[in-house]
Amino acid sequence: MSNPCFEIWLVLHLKNLSEFTQAEQDLLLENAKVSSSKNHIDIVVGELQGGDRGYNKRPNPNIYLPLTNTAIQRAKSIDTLEEDYPKSIGTHLYKLIEKLINNESPSA
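Each residue of the sequence shown is one higher than the one before, starting from 487 at the first, in the numbering used here.
If you want it as structure tokens, here you go:
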């Protein structure tokens, strides 16, 4: 549902992809391993959420839930090709989240 990974959905809560330079977006998409436990996007998410301990694969709902509608709008704005799976940087998680918010069946 997300390219390169789930964390792009978290990034969209905190920053619009258009605010990243093309070089930074390329690094996000590449998502290279930077240590045994972290990829590039993990570092970016940690920096964006402003925690001194970084991002540890456990998103804090207090940070992300209030920004869900923002993330939905940002994800929609980059989903211009309406692909089944984003071939470039992006996420389709917003489709599932909207259905959950509207109490619809995910298969509807």
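Just so you know, even glycine gets a beta-carbon here, dropped at the ideal spot from N, CA and C.
Residue i classed as buried or exposed, judged by whether at least 16 other C-beta atoms fall within 10 angstroms
| i | result |
| --- | --- |
| PRO490 | buried |
| ALA509 | exposed |
| TYR571 | exposed |
| ALA518 | exposed |
Residue i, enclosing alpha helix (DSSP H) - first and last residue
| i | result |
| --- | --- |
| GLY532 | 526 to 535 |
| GLU584 | 579 to 587 |
| VAL497 | 493 to 500 |
| ALA509 | 508 to 516 |
| ARG560 | 554 to 564 |
Beta carbon of residue i nearer than 8 Å to that of residue j
| i | j | result |
| --- | --- | --- |
| LEU598 | ILE575 | Lying outside 487 to 594, the shown extent of the chain, residue 598 is not represented and no answer is given. |
| GLU493 | VAL531 | yes |
Span separating the alpha-carbon of residue i from that of residue j
| i | j | result |
| --- | --- | --- |
| ASN525 | ASN502 | 20 Å |
CB contact below 8 Å: residue i versus chain B
| i | result |
| --- | --- |
| PHE506 | Checking the listed chains, one finds no chain B in this structure; it contains a single protein chain. |
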